[in-house]
RNA sequence: GGGCACGUAGAUCAGCGGAAGAUCGCUGCUUUCGCAAAGCAGAGGUCGGGGGUUCAAAUCCCCCCGUGUCCA
């Protein structure tokens, strides 16, 4: 980056000079007298016992001081965003305050909620999980305080100079730090295809702020200026508090009394982990993460299980609920939403604690058994086994060792060895672009006015063709609903041509016709939306909102929509929930959702500013994921459910008709899927089901009400006849056995051994069974031959000591070119097609007799 | 999203190429005034599903489905 990028008038006004760090080689600006930048490790911590700021601050005081400072300087304070970044599909968690505004605000597509703005955003970082509690300064969740400005060519708020000035003023004038203590180190920030200069602000070894100025887009080697430049800053709240105390670790001043309380029962490291994890969990669970074995849910599970492990080591430990509760109460003073659904949160945790107990118990048993097996074969468990057990059973090594009689040593780098196993895994990220297969529309074409938002009942309209290519047509206005938000496309006609698909392409709605469009730009066309299809889709969409609201009500506020699909045949919704639904829950859901349908509540759809909507309804608006735009379209089922949604909806709940739940399944850990139908389809399905029942009853010859008993009777009959057939076959084989034993051509006795040999075309299992009957007594050799599809099979069973069936078969194989083998007790061989089976039988008989003689 | 482990009798699991097993539970009988217990006898299995390899597959290979777990 060009040095002029950092040469700010502010530095000159204040008398800063530029030096180069003798350690890291970076240039920096400072008022002090340093040969190195003040960031660790170039300079070691110097603020322990010598606080950077004039007086100690609590977390709350510091947050308030920061936000107040920027408010007083023209910034608008905005509320935190959820810690789970549902509006993005590239990350699970909000990892910096700027994430709140990516991608739409930073790309310029949507204006920021305020400009400039200030925020304290709780963010999650799992990278340093192992360092938490150990380093004295790492946290899983911390608050990133920030001030952001978004500059458009026509509206410059502020950029590098003013930003740096504000930062310095905060540090020096507001917090009373020594102005000469700081270095502003020149760095380059790059991410998401954008880059720009950045300044890393440090004092006494501690980095207190990063000021990032996004201004270029990378285009290979060249840099292109961005149309919108962004001031992205980050100030760690916990660090500020720490710097104001100058204590040895950051945990005492940040966690205060809570930490002291836990210290009575736990080592400092464990106490810090417990309280850190409790804080992160309170935010995660409040923001709707349900612990599970994948995606964001896994991180919640990880934190909870790590906590449980620590608690499990201390007999007098408080339970996990009281720790979460205590932490939650503390957080709720500043973030009231965290305290709102405590009972629900507790249920989620209870389910998870129970699962953990079960998993560990199962794993303990497995480990014990496995060790027994290893020992009985003369070995002993190895460190490698410990890694196996952790990876596949989830047993931490210290617990595994407790189970073992001969424990191997736990490697010091245990978790690195686990990580090494996962090194070569390649995650696949196959994105399906929605716009795939759609043509490029010239930017000069005016955007489509979408009318279905305003009136979902109008299905016939006139419009002008603005653009057309192949089968695609863009109109100036349309009532056709394009695929989106989980609702499938409308169909219908443009003129006389069928519309087979409708899709968004940027700001245009493209109608795809059954064949190349005959229309010309400027043509006036008549559009007719298939009203039956539209009605069904509307019903299914409104039904989905009703279902979502009902699920939150019945199961609890931890329920979030994780996906939905609305087609004509049926609809489905996937929601986060910690276990499969019970019959009772399902019945309650069915009753409640249909009750709301019958109550005929108004369903209002309207546009509202994003900020206002978020203020009124909170982030639960975004059930279907993030929605772009300054204005949100709100779909509000009065007194029941509010979501940001672009779909077509009924205006009253009774229009949904009825909701018929077709099935429930747990599609993955932590996610439950419900399938259902509404409207006309619900009735159809009900009729189909009734017809199936009637037909089944008719075929069984019982009334519908007696169907279950009828089926039981039928099953009993099948069972009975199977048994009869089996007994019959046994009996037949028994008779055959009697016959063979009394037939001198088949049976001969040689000393202590009776050899039975016969050719009877039986199948394999029958031969085995017959042999078993014949050789009930010891000292029998049974040789059976049969031919199936031209190939001879020879079966030998032996209970005669010293005579191995396998050897007998081996001896007979050459006689009919057979392949096979077996054990001393039983053996089989199959000959080539047409090979002499009788010869083989004789050879086997000879071999058996010969063995006895020898 | 990926790696690994697991899926066998009602339950918990063994077997890991040659004739499907153990323990508990269940049924009947013996013993007892009755119960518990013990003894004897017995019922109960498409070895998750589907392909393939093999003379032979619960066992080896592939694909699904389900469960668990670790990692992003």
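Numbering (my numbering), first residue to last: 8 to 861. For glycine and all other residues, C-beta sits at the position ideal for the given N, C-alpha and C. On a predicted model such as this, the values are computed, not experimentally measured, just so you know.
Residue 470, buried or exposed, once every other Cβ within 10 Å from all chains shown has been counted against 16: Residue 470 should be labelled buried.
Sub-7 Å separation of residue 121 and residue 106 beta-carbons: It is not a contact, given that the beta carbons lie outside the stated cut-off.
Endpoints, the beta strand (DSSP E) within which residue 111 is located: Taken as a continuous stretch (DSSP letters only), residue 111 belongs to no beta strand (DSSP E), as it is neither H nor E.
Own chain, CB closer than 8 Å to residue 575, minus 5 neighbours either side, in chain order: The residues are 495, 540, 543, 544, 547 and 688.
Local Cβ density within 10 Å of residue 119, reported as buried at 16 or more and exposed below that: Note on residue 119: 16 or more other CB atoms within 10 angstroms of its CB, so buried under the neighbour-count rule.
Burial state of residue 616 (16 or more Cβ within 10 Å): Counting Cβ neighbours within 10 Å, residue 616 comes out exposed, since fewer than 16 surround it.
Assumed close pair residue 139, residue 146 - CB separation to whole angstroms, cut-off 8 Å: So it is a contact: roughly 6 Å between Cβ atoms.
Limits of the unbroken beta strand (DSSP E) element including residue 769: Looking at the DSSP string, residue 769 is not in any beta strand (DSSP E), and its letter there is neither H nor E.
First through last residue of the alpha helix (DSSP H) which encompasses residue 389: Looking at the DSSP string, residue 389 is not in any alpha helix (DSSP H), and its letter there is neither H nor E.
Rounded C-alpha distance that separates residue 242 from residue 152: Approximately 5 Å, taken between the alpha carbons.
Residues near residue 393 by beta carbon distance below 6 Å, same chain, minus five either side: Scanning its chain for C-beta atoms nearer than 6 Å, with the 5 sequence neighbours on each side dropped, one finds around residue 393 the residues 404 and 407, in chain order.
Where the alpha helix (DSSP H) through residue 504 begins and ends: Residue 504 -> not in any alpha helix (DSSP H); beta strand (DSSP E) instead, spanning 504-512.
Cβ-Cβ distance between residue 209 and residue 219 below 7 Å: Result no, Cβ atoms of residue 209 and residue 219 do not sit closer than 7 Å.
Rounded Cβ spacing between residue 569 and residue 631 (contact assumed at less than 8 Å): Residue 631 and residue 569 do not touch by the CB rule: their CB atoms are close to 10 Å apart, not below 8 Å.
Residue closest to residue 488, alpha-carbon to alpha-carbon, out of 502, 465, 474 and 476: Nearest option by C-alpha distance: 465.
Residue 208 - DSSP class collapsed to helix/strand/coil: Residue 208 carries a strand assignment under DSSP once its states are collapsed to helix, strand and coil.
Pick from 235, 529, 41 and 424 that is closest to residue 117, judged by C-alpha positions: Distances from the CA of residue 117 to each of 235, 529, 41 and 424 were compared; the closest alpha carbon is that of 235.
Identity of the residues DSSP links to residue 150 by a beta bridge: 129.
Residue 567 (DSSP reduced to helix, strand or coil): Coil at residue 567, not helix or strand.
Backbone CA spacing between residue 580 and residue 493 [nearest angstrom]: When only Cα atoms are considered, residue 580 and residue 493 end up about 10 Å apart.
Contiguous beta strand (DSSP E) assignments of at least 3 residues, all confined to the stretch 802-835: Correct list: 826-829.
Inter-residue CB distance, residue 346 and residue 57 (contact presumed, cutoff 8 Å): The C-beta separation of residue 346 from residue 57 comes to about 37 Å, leaving the pair out of contact by the 8 Å criterion.
Neighbourhood of residue 281 by C-beta distance below 7 Å, restricted to the same chain and skipping five residues each side: Excluding the 5 residues flanking it on each side, residue 281 has same chain C-beta neighbours closer than 7 Å at 269, 273, 314, 317 and 330, in chain order.
Best match in 311, 604 and 518 for proximity to residue 645 [C-alpha to C-alpha]: Considering only alpha carbons, the answer is 604.
For residue 521, the residue or residues it bridges with in DSSP: Paired residue(s): none; residue 521 is not in a bridge.
Residues bridged to residue 675 [DSSP beta-bridge criterion]: For residue 675, which the question treats as bridged, DSSP gives the partners 678.
C-beta contact flag for residue 792 and residue 819 at 7 Å: Taking 7 Å as the Cβ cut-off, residue 792 and residue 819 do not qualify as a contacting pair.
Whole-angstrom distance between residue 84 and residue 162, CA atom to CA atom: Distance between residue 162 and residue 84, taken at the CA atoms: about 20 Å.
Assigned exposure category for residue 588 - 16 Cβ within 10 Å defines buried: Its Cβ being crowded by 16 or more others within 10 Å, residue 588 is buried.
CB contact flag (residue 203, residue 222, <7 Å): In this structure, residue 222 lies closer than 7 Å to residue 203 by Cβ.
Residue closest to residue 640, alpha-carbon to alpha-carbon, out of 625, 659, 620 and 78: If we check each option's Cα against that of residue 640, 620 comes out closest.
Residue 810, buried or exposed, once every other Cβ within 10 Å from all chains shown has been counted against 16: Residue 810 is classed as buried because its beta carbon has at least 16 other beta carbons within 10 Å across all chains shown.
Environment of residue 442 [buried if 16+ CB atoms lie within 10 Å]: With a pLDDT of 49 at residue 442, under the threshold of 50, the modelled position of that residue is not reliable, and no figure is offered here.
As assigned by DSSP and simplified to three states, the class of residue 222: Residue 222: strand per DSSP, three-state reduction.
According to DSSP, residues forming a beta bridge with residue 424: In DSSP, residue 424 forms no bridge with anything.
Nearest-angstrom beta carbon gap, residue 842 and residue 804 [assumed within contact, 8 Å]: Not quite, the Cβ-Cβ distance comes to about 22 Å (not below 8 Å), so this is no contact.
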